[in-house]
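Participant: Protein chains in written order, with the working numbering: chain A, 436 to 742; chain B, 19 to 339.
In this text, a Cβ means the ideal position worked out from N, Cα and C, and glycines have one as well.
Before I ask anything, here is the structure I am working with.
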């Protein structure tokens with residue numbers, strides 16, 4: 436089928452009045468789905484605002500047990516080690532701002548470069564004519580079939596040989612230039628831009644480079660933004676590759692830091708309050724990002740070129 | 019590589035007017051014709067092609083090569099022929115982890131597909147709310163690490179709210195992630211929670227392509243929702259469903275993050291999924307050759323599944339005409 440870019444104006448308005456029971460049941464199921472989806476988020480917040488002592492004493496309380504922000508203070512490294520240990524933390528050094536910055540840097544670098552280079556390639560694959568184009572595109576498509584796990588070990592060896600282990604660039608490099616999916620995704624949209632638009636620009640004396648920047652990119656802004664946000668979320672959430680590449684605070688990103696935080700279990704038990712506060716801090720930027728673009732993304736998630 | 023050498027020198031600055039006559043030229047091949055975009059094209063394709071060759075094609079070939087070597091990162095790779103593969107076939111832990119992975123994939127994909135389909139159909143038949151679609155997608159915004167940690171806490175045997183509720187109902191607490199029987203289903207369901215919304219939206223996009231008149235006509239004929247689901251939705255969604263299945267199965271086989279933060283392969287290797295075993299072999303025991311051989315095995319399994327699924331579900335054909 437063809438690309439679904441925007442929600443077609445659905446005229447679908449169930450008008451049936453005959454089965455109110457069925458509809459009620461359907462809404463109940465929908466409500467249940469929403470509940471299961473959202474409840475863990477509330478539980479993160481509730482736990483993060485509790486004290487560890489409160490959690491132990493009153494585990495089933497739906498409200499924060501012993502309302503406090505000390506979990507956040509611990510996660511952000513604002514507490515002294517003694518204080519943190521006293522409240523059930525590990526007291527180990529955690530530099531959350533550093534990890535946050537690292538995550539921002541890596542995700543921005545990957546997203547910016549990947550989308551730009553992929554868009555250039557997609558333009559060459561869709562609107563430029565050159566010999567061997569379809570063969571090279573076929574090669575890219577074949578690349579989509581190789582699962583990520585397969586290239587991870589050899590890529591690690593390569594990054595090591597480039598002496599980029601434990602650097603942010605080392606984390607970003609493998610996905611910085613392209614993913615076959617991004618090229619494929621954008622090519623679909625570029626192909627659908629009417630020839631006449633480009634034609635008009637050519638007649639006005641614009642070159643192909645100018646057409647790319649002034650006509651094609653702006654016209655494809657919705658798919659580009661969608662792809663960009665999804666790429667940002669993916670690279671922000673990536674764990675396996677950064678885990679392989681980074682060894683120290685200098686290149687540690689939030690996902691890896693969270694796992695480290697979890698591993699630093701104090702003698703008394705897991706610091707759930709601090710851990711959930713840290714989890715919330717790590718997840719919040721993506722929730723905010725999504726909230727800004729939700730409508731666009733939600734309506735443009737679809738298929739590209741799937742038959 | 020081949021682009022630079024084979025691209026012809028530009029003869030005409032642009033061939034706009036001539037090109038405009040065939041509206042579908044982007045769909046056609048360009049063999050035999052050169053329109054003078056070659057130089058620009060090689061410039062535009064350059065960075066992406068570089069990335070493709072260096073970080074995708076070369077690692078793929080190198081991974082296959084490394085699987086025939088003994089390699090510990092410190093000394094050069096030493097060719098050992100099929101040793102790694104022989105060892106793999108005789109390694110009970112490898113077969114165990116393959117089995118655990120398959121078990122995980124079955125539970126994960128089975129539950130996820132049914133749940134996503136139900137969600138997608140409800141979204142289609144019940145409401146147009148973009149907000150609901152947004153809500154359904156929220157777990158997808160979390161990392162596997164965050165999802166793993168949250169559920170680790172919710173399912174904690176002593177303090178987790180999940181077990182609080184269970185014991186409140188008078189049932190014995192379940193050590194979800196610490197029990198050999200429960201651990202894999204639990205991890206599978208955690209990942210269902212994270213991914214079901216995204217899968218549902220993919221299916222929802224497929225549902226949007228089904229003409230609404232079909233439902234209208236069926237309704238006039240007095241068909242029930244249930245009947246319409248089986249007679250209209252399912253047959254017309256089948257090609258999309260097939261592709262979603264292939265995509266999610268491939269993704270599901272690569273489970274790692276959730277295992278790493280919740281059980282670390284335990285208890286007693288019960289959650290030692292293939293990717294976790296590969297990771298352990300490479301970074302725990304520095305057997306990069308052996309880990310590469312297992313990666314090749316995983317690649318073969320995934321390719322076989324893809325081909326098989328594609329055939330079985332006749333993914334290439336659509337009933338929409």
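#1: Would the beta-carbon of residue 549(A) fall within 7 Å of that of residue 610(A)?
#2: Am I right that residue 307(B) and residue 156(B) are in contact with their C-beta atoms under 8 Å? What's the rounded C-beta distance?
#3: Span of the alpha helix (DSSP H) holding residue 340(B)?
#4: What did DSSP end up calling residue 565(A) once you bin it into helix, strand or coil?
#5: What span of residues does the alpha helix (DSSP H) with residue 587(A) cover, start to end?
#6: Whole angstroms are fine: how far does the CA of residue 522(A) sit from the CA of residue 494(A)?
#7: Out of 490(A), 457(A), 542(A) and 511(A), point me to the one whose CA is closest to residue 715(A)'s CA.
#8: If you measure from the beta carbon of residue 325(B) to each beta carbon in chain A, is any gap under 7 Å?
#9: What separation, rounded to the nearest whole angstrom, lies between the Cα atoms of residue 600(A) and residue 577(A)?
#10: Run down chain B in chain order and give the residues with a C-beta less than 8 Å from the C-beta of residue 611(A).
#11: If you measure between the beta carbons of residue 469(A) and residue 153(B), is that distance less than 7 Å?
#12: From the DSSP output, which residues share a beta bridge with residue 87(B)?
#13: Pick from 535(A), 497(A) and 490(A): whose alpha carbon is nearest that of residue 685(A)?
#14: Please classify residue 114(B): does DSSP put it in a helix, a strand, or coil?
#15: For residue 691(A), collect the residues of the same chain with a Cβ closer than 7 Å to its Cβ; drop the 5 residues on either side in sequence, then sort them by chain order.
#16: Can you confirm whether residue 495(A), when its beta carbon is compared against all beta carbons of chain B, has any partner nearer than 7 Å?
#17: Under three-state DSSP, which class holds residue 294(B)?
#18: Count the other C-beta atoms from every protein chain shown that fall within 10 angstroms of the C-beta of residue 515(A), then say buried if there are 16 or more, exposed otherwise.
#19: Distance cutoff 7 Å, beta carbons only. Does residue 319(B) sit that close to anything in chain A?
#20: Only counting the same chain, and skipping five residues up and downstream in sequence, which positions put a Cβ closer than 8 Å to that of residue 629(A)?
#21: Could you tell me the distance, in whole angstroms, from the CA atom of residue 221(B) to the CA atom of residue 627(A)?
#22: Using a Cβ-Cβ cut-off of less than 9 Å, list which residues of the region 581-592 of chain A approach chain B; keep chain order.
#23: Find out if the Cβ-Cβ distance for the pair residue 158(B), residue 216(B) is shorter than 7 Å.
#24: From the beta carbon of residue 232(B), is the nearest beta carbon of chain A less than 7 Å away?
#25: So that I know if they touch, is there some Cβ in chain A lying closer than 7 Å to that of residue 125(B)?
#26: Work out the CA separation of residue 711(A) and residue 174(B) for me, nearest whole Å.
#27: Any idea if residue 509(A) is buried or exposed, counting beta-carbon neighbours within 10 angstroms, 16 or more meaning buried?
#28: Under a three-way DSSP split, which group does residue 499(A) fall into?
#29: To test your reading of the DSSP string, which unbroken alpha helix (DSSP H) runs of 4 or more residues are found completely within the region 627-684 of chain A?
#30: Using only alpha-carbon positions, find the residue among 161(B), 131(B), 80(B) and 94(B) that is nearest to residue 256(B).
#31: Could you tell me whether the region 494-504 of chain A touches the region 474-486 of chain A, using the rule of 3 or more Cβ pairs below 8 Å?
Facilitator: Let me spell this out:
#1: yes
#2: Actually they do not touch by this definition, with Cβ atoms about 42 Å apart.
#3: Coverage of chain B is limited to positions 19 through 339, which leaves residue 340(B) absent and any answer about it impossible.
#4: coil
#5: 583-596
#6: 16 Å
#7: 511(A)
#8: no
#9: 28 Å
#10: 69
#11: yes
#12: 97(B)
#13: 535(A)
#14: helix
#15: 674, 677, 678 and 681
#16: yes
#17: helix
#18: exposed
#19: no
#20: none
#21: 23 Å
#22: 581, 582, 583, 584, 585, 586, 587, 588, 589, 590, 591 and 592
#23: yes
#24: no
#25: no
#26: 13 Å
#27: buried
#28: coil
#29: 630-638, 643-646, 656-672 and 675-680
#30: 131(B)
#31: yes
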